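Note that the protein sequences, when read in sequence, are chains A and B.
1 is the number of the first residue of the first sequence in the working numbering; add one for each residue after it.
356 is the number of the first residue of the second sequence in the working numbering; add one for each residue after it.
Encoded as structure tokens, the structure appears first; notes follow it.
Number of protein chains: 2
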Amino acid sequence: MEAVVIRRGETSPTVTELQRPDPGPGEVLVRTLRVGVDGTDREVIAGSHGGFPAGEDHLVLGHEAVGVVVEADDTAFEEGDVVAPTVRRPPAEGPNEYFEQGQPDMAPPEACVERGIDGAHGFMAEYFTSPAEYLVPVPEEVAEWGFLVEPISISEKAIEHAYAARSAFDWDPETGLVLGNGSLGLLTLAMLENRGYDRTYCLGRRDRPDPTIDIIEELGASYVDSRATPVAEIPDAHEPMDFVYEATGYAKHAFECIEALAPGGVGALLGVPEPWEFEIDGGRLHKEFVMNNKALVGSVNSNVSHFEAAVRTLGGLPAWFLDDLVTAVHDLADYEAAFAEDETTIKTALQFNQI
Amino acid sequence: MEAVVIRRGETSPTVTELQRPDPGPGEVLVRTLRVGVDGTDREVIAGSHGGFPAGEDHLVLGHEAVGVVVEADDTAFEEGDVVAPTVRRPPAEGPNEYFEQGQPDMAPPEACVERGIDGAHGFMAEYFTSPAEYLVPVPEEVAEWGFLVEPISISEKAIEHAYAARSAFDWDPETGLVLGNGSLGLLTLAMLENRGYDRTYCLGRRDRPDPTIDIIEELGASYVDSRATPVAEIPDAHEPMDFVYEATGYAKHAFECIEALAPGGVGALLGVPEPWEFEIDGGRLHKEFVMNNKALVGSVNSNVSHFEAAVRTLGGLPAWFLDDLVTAVHDLADYEAAFAEDETTIKTALQFNQI
């Protein structure tokens, strides 16, 4: 079967012929439909994130997959079921408490591998296998968008944790701000709209005309240009934010967002920056954090419950939004285009098979 | 009646004669037993925190009070009931949503006044009045320690909010670290012991022999000298911490504690620093926060539910601990001593009446 891999020492992916995997006991063989591409894939390709499986010189890419069960073995699945796989798997030493508790998303990086990212092959191949427990059913009606279940699940978790952090009091968020107008930011903005926020904002650094700004405004949100309005000035320029979602990985945002929050507000941090030393007014930020009961929650990865929530969310997203968000779905013959980026690219996927 | 006040332009408190307050409708007249002294009182006296009631040139000090009902009016209280008053009251404009929802502790500073601290007279007087809704019953057996209900309630809230921030997953904290060995830090350390932490730590910057270190070790916790072990190095020197409680107001701790946290851990920030610019590796901290699912929760003040929890907690604290923690209870004639501090002072209170 054909697979898209990154080889040790190379800086761009290749298509290669690999043996079709055989499912072990309790495992399901899945025929891949589509696999999404995101910034993490680009970091893995560039070598700045993740790593190869132990002892191997290549990594099958891809962690945002949807496929069809072709061998269900003795599991609860049936042939023809559409499924999305979760990403984290037990490390070489075997399952630990995080996996036993069904919350591998809470494992520290060293206590798991991540398919397509770190230490385990991904899903950019014509077939993949997975233990049934790491597969989540996807209704056939949304199969074509099923590669969005994984990124949506990332935000389901972050939002769940952020809301939990405000569950000790009566909190009714009215204003939401997403930092970052990439595909994850736009998906999250659409999720906030569905949750009934009165006013939402999305921050980017692009000039009009721009397709992401069009989507932001079509969703009913306001575009904030960070070049004109730094994050810390958003309360004065617009209003304080009950919820801030940081998806840029720009480290200063993690600290500036404390000032963008309304009293009792919470920021969810998801971007993963490199080391970067800079000066902050730590005293003022600390005081602001305390005197206004603010909270920050870091969030990475997602578990089966978040995938299940993501499937429900996906079914409620408007068709126009999905059409505009996914700017291209490329066949394997055209795989390089799926990794390319220009100003018109928002979200791409690779198509391996049709349902 | 006699009251302890700070006058505008002065830097030390005075005892003065004030008219005994008359309870209005729905208000209770309380004969004050004892009022605790804490760092906030010293900041108010120094003029670095809080403020005078509008149009007045003095502020009756004191926000940690216990007293006995002497006029119950038409409330649920009866003469002789021992009560502790909460601190926040509606601002001059009247009650807002925070008060209507029973969570004035979540109000931003401008949406409330604080008795004895900011904009409203406190409880350091022979009598005070309060609407019944802001009084919490205290069992007579613990009346002598009832001035500790307010500081304990501060930690009840902070712990409640921190635990809420971890309620989206199965979290079982085993290691706890309190930054600060003042009276609030020691009270919180005792509360963690009662919650069944396996191992607890308390950070200070004092040489042995020291009465706070004795209490720390008698509680079963380990003393960490911050001069030898900076906060960020605690995981290497000891172990990562599931829960960190920041009670020093030293702004760098708010950021260093991200590194002291275990994966999935949470830090509660309570200290209130002054502005202070310094350099951090914001990229590394941000990444650590995200990749290990950490959380930070700022917390100020407390509401009736936290006072009620504090009354229960107070009843479970060991007698030796309370005896050692409260280093002196001064009569009004000796009020200046209650505000003085030396190396043997941990917690003091002023006594106005006996039960």
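Note that CB positions come from ideal geometry on N, CA and C, so glycine has one too.
As the structure is a computational prediction, the values presented were derived from the model and not from experiment.
Considering only the beta carbon of each residue, do residue i and residue j sit closer than 8 Å?
i	j	result
Thr32/A	Ala65/A	yes
Glu126/A	Asn353/A	yes
Gly62/A	Gly122/A	yes
Phe243/A	Pro131/A	no
Met479/B	Leu532/B	no
Ala606/B	Ala165/A	no
Pro463/B	Asn194/A	no
Leu539/B	Thr555/B	no
Phe432/B	Val399/B	no
Ala295/A	Ala650/B	yes
Ile186/A	Leu325/A	Reading off the sequence shown, one finds Leu at residue 186/A, where the question assumed Ile. In contact: Leu186/A and Leu325/A (Cβ atoms closer than 8 Å).
Glu511/B	Thr668/B	yes
Sorted by chain position, which residues of the same chain lie with C-beta nearer than 8 Å to residue i's C-beta, five sequence neighbours on each side aside?
i	result
Asp81/A	Val68, Val69, Ala72 and Pro137
Pro446/B	Glu465, Ala466, Cys467, Val468 and Gly474
Gln706/B	Leu388, Arg389, Val684, His685, Asp686 and Leu687
Thr345/A	Thr327 and Ala328
Glu358/A	The shown model of chain A, from 1 to 355, leaves out residue 358/A, and the question about it has no answer.
Pro235/A	Met241, Glu259, Ala260 and Ala262
Asp74/A	Pro25 and Gly26
Pro318/A	Ala190
Trp320/A	Glu218
Taking the beta carbon of residue i as the centre, do at least 16 other beta carbons fall within 10 Å, making it buried, or is it exposed?
i	result
Ser12/A	exposed
Trp145/A	buried
Pro273/A	buried
Gln103/A	buried
Pro630/B	exposed
Thr14/A	exposed
Phe128/A	buried
Gly26/A	exposed
Ser577/B	exposed
Asp22/A	exposed
Phe169/A	buried
Pro506/B	buried
Arg563/B	exposed
Gly405/B	buried
Gly180/A	buried
Cys470/B	One point to set straight first is that residue 470/B is Arg, not Cys, in the sequence displayed. Buried, by the Cβ-count rule.
In its own chain, which residues sit with a C-beta less than 7 Å from the C-beta of residue i, not counting the 5 before and 5 after it?
i	result
Phe502/B	Arg389, Val390, Gly391, Glu419, Ala420, Val421 and Ala704
Phe662/B	Ala439, Thr441, Val491, Val504 and Ser508
Ser48/A	none
Leu373/B	Met356, Ala358 and Ala480
Leu677/B	Trp500
Using the DSSP secondary-structure output, state which residues sit across from residue i in a beta bridge.
i	result
Phe128/A	Val30/A
Glu469/B	Arg443/B and Gly474/B
His685/B	Leu705/B
Leu296/A	Gly267/A and Leu651/B
Pro579/B	Correcting the residue identity first, residue 579/B is Val in this sequence and not Pro. In DSSP, Val579/B forms a bridge with Leu558/B.
Thr175/A	Arg199/A
Val497/B	DSSP lists no partner for Val497/B.
Glu239/A	According to DSSP, which records beta bridges pairwise, Glu239/A is partnered with nothing at all.
The alpha helix (DSSP H) spanning residue i covers which residue range?
i	result
Leu184/A	Ser183 to Asn194
Asp323/A	Ala319 to Leu325
Leu669/B	Val659 to Gly671
Pro492/B	Pro492/B -> not in any alpha helix (DSSP H); beta strand (DSSP E) instead, spanning Leu490 to Pro492.
Ile215/A	Pro211 to Glu218
Ile714/B	A query on residue 714/B cannot be resolved here, the shown segment of chain B reaching from 356 to 710 and no further.
Tyr453/B	Glu452 to Glu455
Thr40/A	Gly39 to Ala46
Glu691/B	Tyr690 to Phe694
So the beta strand (DSSP E) residue i belongs to, where does it begin and stop?
i	result
Phe278/A	Glu277 to Asp281
Gly619/B	Leu616 to Leu624
Leu414/B	His413 to Val415
Val272/A	No beta strand (DSSP E) contains Val272/A, which DSSP labels as neither H nor E.
Arg375/B	No beta strand (DSSP E) holds Arg375/B; DSSP gives it neither H nor E.
Glu156/A	Note, Glu156/A: premise wrong, no beta strand (DSSP E); alpha helix (DSSP H) at Val149 to Ala164.
Glu698/B	Unbroken run through Glu698/B: none, as it is neither H nor E.
Ala420/B	Glu419 to Glu426
Who are the near neighbours of residue i in its chain, counting only those whose CB is closer than 6 Å to its CB and skipping five residues on each side?
i	result
Gly249/A	Gly271, Val272 and Pro273
Ala268/A	Ala158, Ala162, Tyr245, Val297 and Ser299
Thr229/A	Ala237
Ile213/A	Tyr223
Ala338/A	Val37, His330, Thr348 and Leu350
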